[in-house]
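K.L.:
Residue numbers (the numbering used here): 4 to 107.
1. Taking C-alpha atoms, which residue in 8, 61, 66 and 26 lies nearest to residue 38?
2. Looking only at its chain, what residues have a beta carbon closer than 6 Å to the beta carbon of residue 77, apart from the 5 residues adjacent to it on each side?
3. Output yes or no for whether 8 Å exceeds the beta carbon distance between residue 93 and residue 75.
4. Quick check: does the Cβ of residue 48 come within less than 7 Å of any heavy atom belonging to the ligand MN?
5. Under 8 Å, do residue 69 and residue 13 count as touching if we go by C-beta distance?
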């Protein structure tokens, strides 16, 4: 169950990270609320995952899901670069996440 909590925590990290773009420097209330809720939920699920997972593993996977997911979504939403080198680097993040899961 801890790995499911960690996945959910990572998905909520993507929500708040992407949401930051829409706050326009914290000047738009709706996106600020989404960011706040996403942040709180992300931390709640991360904390629950850390009850049984090692801190280093949980934190690395959480940030990896957030970083890779945010980068991928930003390509589609904001037209950010999808250059092969950038995609390869995102792939390395995903490989690291998988490696940490396999290693335990």
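Ideal Cβ positions, reconstructed from N, Cα and C, are used throughout, including at glycine.
These figures come from a predicted structure and were not determined experimentally.
P.N.:
Here's the rundown:
1. In terms of CA proximity to residue 38, 26 leads the group 8, 61, 66 and 26.
2. Within the same chain, 83 come within 6 Å of residue 77 by CB-CB distance, once the 5 residues on both sides are set aside.
3. yes
4. This structure lacks the ligand MN, and indeed carries no ligand of any kind.
5. yes
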